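Below you'll find the structure, written out as structure tokens, and then a few comments.
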Amino acid sequence: MPLIVLPTSQRLWVRVAALLFTCVAFSVASHGGNLHHGGMSDWCIFCWVFSFACTLLVLLVEVFGLQARIPVSWTNFPITVACYASLLCLSASVIFPLFFLKDQRLNGEVRGHRIAATVFSCLAAVAYMGEVSLTKARPGEVAGYMATAPGLLKVCQTFVACIIFILVSDPVSYNHHAALKWCMAVYCICFILSMAVVVLCVGECTGWLPIPFSKFLSAYGLLAVIMYLTATIIWPVFQFDKQFQHGGQTSSKLIAVAVLTALNFLLYLADLAYTARLVFVSV
21 MPLIVLPTSQ RLWVRVAALL FTCVAFSVAS HGGNLHHGGM SDWCIFCWVF
71 SFACTLLVLL VEVFGLQARI PVSWTNFPIT VACYASLLCL SASVIFPLFF
121 LKDQRLNGEV RGHRIAATVF SCLAAVAYMG EVSLTKARPG EVAGYMATAP
171 GLLKVCQTFV ACIIFILVSD PVSYNHHAAL KWCMAVYCIC FILSMAVVVL
221 CVGECTGWLP IPFSKFLSAY GLLAVIMYLT ATIIWPVFQF DKQFQHGGQT
271 SSKLIAVAVL TALNFLLYLA DLAYTARLVF VSV
């Protein structure tokens with residue numbers, strides 16, 4: 021019996037490509053990009069290194085056939101990693117050129133390294149999106165929850181919430197009115213519950229819930245939609261209305277939070293629709 025299994029599939033080659041692209045991106049940026057530690061440079065490096073490390077882990081487990089020895093659901097873990105990695109690399113592909121190429125006076129070598137890092141980050145994002153497309157559940161196919169549309173939406177919801185947390189924390193922009201603190205509570209509660217669903221599915225722990233998993237998803241989905249609807253209305257009213265405005269200026273971060281709040285509301289609404297279809301139509 022061979023020790024190493026080398027499956028030849030599109031998914032394997034897409035993962036290898038993503039591994040190489042992320043490796044080149046953070047290597048080039050770190051070696052010749054002349055980046056200073058802190059802020060967005062650390063975020064971009066984290067995006068590439070995290071994606072590289074997780075993809076390497078997935079490849080090693082599958083090549084050595086260790087899926088049965090890993091204490092996670094292997095029908096859910098790889099696609100969860102790929103979805104998070106695609107979002108991370110996509111964010112780095114947008115942030116890195118905005119902060120480290122646009123309006124920057126750089127010598128030719130440093131500029132070339134930063135351009136190369138941006139290009140390979142974009143290629144990595146495309147590769148991870150390709151992996152998600154190849155792995156996601158097809159109509160009528162039996163697959164893990166994270167391979168379905170609601171599962172992928174959970175990943176997007178938690179990622180958008182993380183971006184919101186970054187934007188509202190520096191500087192703190194939610195503590196001058198009780199209504200804005202409610203919005204922050206909405207972001208935190210929904211993030212924790214969505215992340216809990218991801219962890220339960222990846223860890224094969226959905227049976228630990230005191231109620232059926234499908235009922236939990238439906239109840240939580242409805243609650244999250246209602247809560248995010250209130251935040252979508254309250255945040256712009258209390259941040260942009262002159263009657264409640266604090267400091268007299270509207271920053272681009274506050275606008276971004278309003279847009280991301282509306283985006284997450286739509287993601288939760290789509291999630292609820294998909295979950296209701298899975299629960300009620302299939303019964």
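Here our numbering is used: the first residue of the sequence shown is 21, the next is one more, and so on. All C-beta atoms in this analysis are idealised placements derived from N, C-alpha and C, irrespective of residue type, glycine included. Since the structure is predicted, the reported quantities are computational estimates derived from the model, not experimental observations.
Out of the options, point me to the one whose CA is closest to residue i's CA.
i, options, result
"V217", "P232, V139, C203", "P232"
"L39", "V92, A144, L280, L126", "A144"
"L237", "Y194, P117, K174", "K174"
"A223", "S141, V92, V257", "Ala is not the amino acid found at residue 223; the sequence shown has Gly there. Of the candidates S141, V92, V257, the one whose C-alpha sits nearest the C-alpha of G223 is V92."
"L107", "V48, L55, I209, A181", "A181"
"T252", "C221, L213, A205", "A205"
"V101", "W63, L86, L172", "L172"
"Y194", "S141, F258, T178", "F258"
"M149", "V78, R35, A290", "R35"
"A147", "C103, I184, N127", "C103"
"L242", "A199, L292, D62", "L292"
"S47", "A198, S141, R89, W94", "S141"
"G164", "A105, C225, L80, A239", "C225"
For residue i, which three-state DSSP category applies?
i, result
"V78", "helix"
"V44", "helix"
"S71", "helix"
"G59", "coil"
"V303", "With a pLDDT of 40 at V303, under the threshold of 50, the predicted position of this residue should be treated as unreliable, though the coordinate-derived value follows. Residue state, collapsed to three classes: coil."
"G164", "coil"
"K273", "helix"
"T226", "helix"
"N96", "coil"
"P170", "helix"
"L235", "Checking the sequence shown, residue 235 turns out to be Lys, not Leu. In this structure, K235 counts as helix in the three-state DSSP scheme."
"L137", "Contrary to the premise, residue 137 reads as Ala rather than Leu in this sequence. In this structure, A137 counts as helix in the three-state DSSP scheme."
"A244", "helix"
"S50", "helix"
Sort out for me which residues DSSP pairs residue i with in a bridge.
i, result
"V192", "S189"
Quick test of your reading: residue i and residue j, contact by CB under 8 Å. State the CB separation rounded to the nearest angstrom.
i, j, result
"Y294", "P170", "5 Å"
"C221", "N96", "5 Å"
"I254", "W202", "7 Å"
"A105", "C74", "6 Å"
(Q) Across the stretch 232 to 245 and the stretch 104 to 122, are there enough close Cβ pairs to call them in contact, namely three or more that are closer than 8 Å? (A) no
**Q.** Sufficient close CB pairs (3 or more, under 8 Å) joining the stretch 59 to 75 to the stretch 114 to 129
**A.** yes
Q.
For the stretch 207 to 221 against the stretch 239 to 248, do three or more pairs of beta-carbon atoms, one drawn from each stretch, fall closer than 8 Å, so that the two count as touching?
A. yes
(Q) Can you confirm whether the stretch 130 to 141 touches the stretch 51 to 64 when touching is taken to mean that 3 or more C-beta pairs between the two stretches lie within less than 8 Å? (A) yes
Q: Pair every Cβ in the stretch 118 to 130 with every Cβ in the stretch 144 to 154, then say whether three or more of these pairs are closer than 8 Å.
A: no
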